[in-house]
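Chains as they are written, first to last, in our numbering: chain G, 1 to 430; chain P, 431 to 860.
Cβ atoms here follow ideal geometry from the backbone N, Cα and C, with glycine treated the same way.
Right, one structure below, let's go through it.
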């Protein structure tokens with residue numbers, strides 16, 4: 001509903017053409033890309049739905065107060081926030097977990113627990129744009145609220161694994177750990193980590209995969225630990241055995257169909273430990289080196305901040321953009337994402353009604369049929385258009401065909417054509 | 431990826447529970463509502479795709495400069511706009527037409543024309559919230575760019591009609607007019623409207639349906655026209671005959687399958703005339719009195735503002751929230767929007783593995799099966815959970831059933847149960 005000034009002289013003043021840039025870190029998705037995104041979202045949605053996860057949508061804007069302080073200093077800095085026309089301080093969705101926590105708190109009395117929801121909406125972060133990092137990007141979350149069992153932990157892991165499989169990835173690995181492994185560091189041995197050192201130790205160990213053992217020890221030493229203690233702590237961590245809970249989870253995910261080579265216990269996995277309270281995991285895809293394509297864990301204390309009582313939760317998020325990138329690299333997108341099956345061309349203006357009838361009939365037979373919309377355009381250009389749009393077939397009906405009540409069906413890729421009745425065409429295209 | 435302070439004392443301090451309100455005019459969509467929205471979006475998408483419209487997504491934020499001044503004073507006032515962290519003036523998507531125009535301009539060289547796109551994304555307007563009016567709402571647009579023919583006009587109308595039909599509405603009417611009918615007012619007769627009076631006259635006539643002839647004449651008189659001229663102008667307008675272009679469009683939409691009772695020529699239809707240059711139309715659904723559920727028209731000059739040359743366009747938008755409301759009133763939503771087919775209950779902890787195996791097997795057979803995730807919960811409560819979530823079936827396997835290698839399949843609505851093999855269950859649920 002645009003209301004432009006009626007004064008056409010403004011509209012037609014093409015000398016002063018407007019700035020037509022997109023903001024840095026923001027993207028248009030033209031049809032080819034948009035179709036790939038839909039393909040991935042649909043696949044993920046199908047898997048989530050198969051496990052009984054239900055859709056949830058939350059607003060793009062929330063009270064700033066609700067989001068501030070939930071994502072650390074960096075989060076507060078990167079959040080898009082402003083004062084609206086009513087002088088309210090508002091902020092744009094930064095992730096889907098805090099809004100979920102609010103929803104659980106707000107509708108406690110009408111949401112039967114366990115509540116299993118998936119949510120796939122864009123989030124906004126004013127981060128420095130770079131390869132693979134955007135200011136507007138999609139998150140795909142699945143969470144189970146209100147139950148704290150090995151079964152629910154296992155289901156979160158298997159849902160993630162099944163989603164990855166559904167996208168066509170053959171070789172992936174889920175790295176699994178338990179936050180309580182780190183607590184052991186503070187109690188289990190003589191040179192143990194002090195409570196107040198733990199966040200620093202975790203931050204250093206979190207870099208293990210990236211920088212290696214030596215550098216981690218260096219960082220620990222820089223932060224005041226003796227080389228001996230640092231070495232001992234790292235070694236102790238690497239020697240940890242799975243907790244009882246993890247053993248139960250491992251048993252269950254095997255029962256659920258995860259193969260032994262698809263998961264591994266990694267006691268040094270530290271992942272966003274700040275709010276996790278138990279299980280943590282990350283998903284890696286073979287040959288995709290940018291980083292993990294998803295992960296999550298148990299967070300039993302977060303929802304309590306909003307609900308006023310403890311409500312346990314476990315969940316994960318898939319990295320939508322990384323998945324798309326990995327799928328592109330591994331050529332996992334099907335060739336026929338163009339959903340238009342056929343272009344119905346128009347021989348000339350006298351054949352408009354015939355072409356209209358053909359396209360309507362095809363659509364009535366559930367065939368996606370595009371009618372060329374300008375009968376003054378030459379056939380050659382109509383064919384070029386179909387080719388440019390990767391529409392696989394073109395139908396032509398000229399005077400000869402009309403007389404015999406047939407059409408020409410051109411297969412553009414195969415450079416073949418057949419003369420057929422419209423019923424025969426319908427059968428081929430269905 | 432939330433980073434909360436590790437200090438649990440903050441998290442667990444439930445005395446200071448947070449403000450958990452949503453902003454006025456913004457909405458959460460809990461599963462039941464979210465499923466209805468998905469249902470409607472999927473139906474519309476299927477129709478758009480059947481005509482060869484392709485998906486497009488544009489960013490939520492644009493440079494403020496791009497959107498400002500495109501929607502009249504009111505638009506500038508209602509737009510969510512602010513300064514981002516990089517001191518750029520930015521604005522939130524206000525509609526999908528201006529972003530489309532930018533896209534056409536920006537990618538002119540890689541988008542083959544005609545370009546037919548659909549776009550279904552939220553837009554934001556800081557309007558006064560009231561029944562049926564929200565500050566964040568979905569728009570469903572379809573547009574054809576780069577062609578100015580009766581065929582393309584007709585296809586836009588039939589696409590809209592088919593979308594309405596696909597949602598299940600039996601009786602609807604498309605009101606159709608041509609902007610050039612109004613130009614006739616300025617040239618056709620003695621007491622004709624002066625060019626500079628036209629916007630005022632149109633604004634008044636736009637209210638005809640709402641306030642009636644007398645009040646329209648009153649408004650025209652208040653704006654300086656004599657009663658005689660006002661009456662004469664209104665009468666002249668009502669007596670107009672369809673333009674030649676409209677006659678061609680009417681012929682084509684009939685060919686395309688629209689019945690005579692599904693459309694009507696309405697010379698007083700004025701609809702957002704400010705930027706339309708030809709066809710305009712609105713869709714009304716019988717017994718839904720809130721207002722039109724969609725509409726659109728031809729706008730041949732808008733894209734030129736961005737592209738630097740004239741590129742014709744025709745399109746329409748469906749009012750997503752009104753459609754949902756009308757469908758609710760007319761009970762057009764299917765009963766089985768709950769996509770989870772069955773809850774696999776757990777008899778007790780010793781039967782966990784069995785229940786896991788059953789649920790995995792059902793999913794492998796493409797049946798959406800939710801596993802109850804807490805084996806310590808009593809069967810009665812598990813059944814209640816399925817009931818609350820409107821999951822139609824529950825599977826129970828206790829010691830007797832395990833021995834005989836069968837399960838109990840409970841149909842909750844019918845209050846019936848059968849003892850069956852898991853293969854038999856699969857067949858019933860598929």
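Am I right that residue i and residue j are in contact with their C-beta atoms under 8 Å? What's the rounded C-beta distance?
{"i": "residue 825 of chain P", "j": "residue 774 of chain P", "result": "5 Å"}
{"i": "residue 429 of chain G", "j": "residue 341 of chain G", "result": "5 Å"}
{"i": "residue 140 of chain G", "j": "residue 44 of chain G", "result": "5 Å"}
{"i": "residue 391 of chain G", "j": "residue 101 of chain G", "result": "Contact flag wrong, Cβ pair sits at about 46 Å."}
{"i": "residue 591 of chain P", "j": "residue 692 of chain P", "result": "6 Å"}
{"i": "residue 574 of chain P", "j": "residue 688 of chain P", "result": "Wrong, their Cβ atoms sit about 17 Å apart, outside the cutoff."}
{"i": "residue 278 of chain G", "j": "residue 294 of chain G", "result": "Not a contact, Cβ separation roughly 18 Å."}
{"i": "residue 567 of chain P", "j": "residue 767 of chain P", "result": "That pair is no contact at about 21 Å."}
{"i": "residue 267 of chain G", "j": "residue 240 of chain G", "result": "4 Å"}
Classify residue i: buried if its beta carbon has 16 or more other beta carbons within 10 angstroms, exposed otherwise.
{"i": "residue 523 of chain P", "result": "buried"}
{"i": "residue 844 of chain P", "result": "exposed"}
{"i": "residue 397 of chain G", "result": "buried"}
{"i": "residue 226 of chain G", "result": "exposed"}
{"i": "residue 275 of chain G", "result": "buried"}
{"i": "residue 769 of chain P", "result": "buried"}
{"i": "residue 431 of chain G", "result": "This structure gives no information on residue 431 of chain G, because the portion of chain G shown stretches from 1 to 430."}
{"i": "residue 617 of chain P", "result": "exposed"}
{"i": "residue 819 of chain P", "result": "buried"}
{"i": "residue 537 of chain P", "result": "exposed"}
{"i": "residue 228 of chain G", "result": "exposed"}
{"i": "residue 89 of chain G", "result": "exposed"}
{"i": "residue 578 of chain P", "result": "buried"}
{"i": "residue 329 of chain G", "result": "exposed"}
{"i": "residue 55 of chain G", "result": "buried"}
{"i": "residue 381 of chain P", "result": "The structure shown has nothing for residue 381 of chain P, since chain P only spans 431 to 860."}
Rounded to whole angstroms, what's the CA-CA distance from residue i to residue j? Just pull it up for me.
{"i": "residue 281 of chain G", "j": "residue 174 of chain G", "result": "7 Å"}
{"i": "residue 736 of chain P", "j": "residue 210 of chain G", "result": "46 Å"}
{"i": "residue 36 of chain G", "j": "residue 841 of chain P", "result": "39 Å"}
{"i": "residue 265 of chain G", "j": "residue 117 of chain G", "result": "27 Å"}
{"i": "residue 608 of chain P", "j": "residue 576 of chain P", "result": "19 Å"}
{"i": "residue 323 of chain G", "j": "residue 298 of chain G", "result": "23 Å"}
{"i": "residue 636 of chain P", "j": "residue 699 of chain P", "result": "6 Å"}
{"i": "residue 660 of chain P", "j": "residue 647 of chain P", "result": "6 Å"}
{"i": "residue 435 of chain P", "j": "residue 69 of chain G", "result": "In this predicted model, residue 435 of chain P has a pLDDT of only 42, less than 50, meaning its place in the structure is not dependable enough to derive any value."}
{"i": "residue 377 of chain G", "j": "residue 135 of chain G", "result": "42 Å"}
{"i": "residue 348 of chain G", "j": "residue 375 of chain G", "result": "5 Å"}
{"i": "residue 515 of chain P", "j": "residue 84 of chain G", "result": "16 Å"}
{"i": "residue 221 of chain G", "j": "residue 87 of chain G", "result": "49 Å"}
{"i": "residue 81 of chain G", "j": "residue 300 of chain G", "result": "28 Å"}
{"i": "residue 321 of chain G", "j": "residue 33 of chain G", "result": "11 Å"}
Determine whether the beta carbon atoms of residue i and residue j lie at a separation below 7 Å.
{"i": "residue 679 of chain P", "j": "residue 599 of chain P", "result": "no"}
{"i": "residue 373 of chain G", "j": "residue 544 of chain P", "result": "yes"}
{"i": "residue 593 of chain P", "j": "residue 682 of chain P", "result": "no"}
{"i": "residue 57 of chain G", "j": "residue 763 of chain P", "result": "no"}
{"i": "residue 721 of chain P", "j": "residue 370 of chain G", "result": "no"}
{"i": "residue 288 of chain G", "j": "residue 326 of chain G", "result": "yes"}
{"i": "residue 504 of chain P", "j": "residue 521 of chain P", "result": "no"}
{"i": "residue 78 of chain G", "j": "residue 126 of chain G", "result": "yes"}
{"i": "residue 456 of chain P", "j": "residue 572 of chain P", "result": "no"}
{"i": "residue 314 of chain G", "j": "residue 183 of chain G", "result": "no"}
{"i": "residue 816 of chain P", "j": "residue 20 of chain G", "result": "no"}
{"i": "residue 219 of chain G", "j": "residue 204 of chain G", "result": "yes"}
{"i": "residue 559 of chain P", "j": "residue 454 of chain P", "result": "yes"}
- Message: Beta carbons nearer than 8 Å to chain G: which residues of the segment 542-553 of chain P have them?
- Response: Flagged, chain order: 542, 544, 546, 547 and 552.
- Task: Return the residues of the segment 841-857 of chain P that lie within a Cβ-Cβ distance of less than 8 Å from chain G, sorted by chain order.
- Result: none
- Item | Interfacial residues, the segment 450-462 of chain P to chain G, with Cβ spacing under 7 Å | 450, 451, 452, 453, 456, 457, 458, 459, 460 and 461
- Closer than 7 Å, Cβ to any Cβ of chain G: which residues of the segment 557-582 of chain P, in chain order? 566, 574, 577, 579, 581 and 582
- Query: Mind listing which residues of the segment 590-615 of chain P have their C-beta closer than 9 Å to chain G's C-betas, in chain order?
  - Reply: 592
- Task: Pull out every residue of the segment 51-67 of chain G whose Cβ sits closer than 8 Å to any Cβ of chain P, in chain order.
- Result: 51, 52, 54, 55, 56, 57, 58, 59, 60, 61, 62, 63, 65 and 66
- Query: In the segment 750-784 of chain P, which residues sit with their C-beta less than 7 Å from some C-beta in chain C, listed in chain order?
  - Reply: No chain C appears in this structure, whose protein chains are G and P.
- Task: Mind checking the segment 663-689 of chain P against chain G and listing, in chain order, the residues whose C-beta falls within less than 7 Å of any C-beta there?
- Result: For the segment 663-689 of chain P, which is checked against every Cβ of chain G, the residues closer than 7 Å are 682, 685, 686 and 687.
- Task: Quick one: which residues of the segment 33-51 of chain G get their C-beta closer than 7 Å to a C-beta of chain P? List them in chain order.
- Result: Flagged, chain order: 34, 35, 38, 49, 50 and 51.
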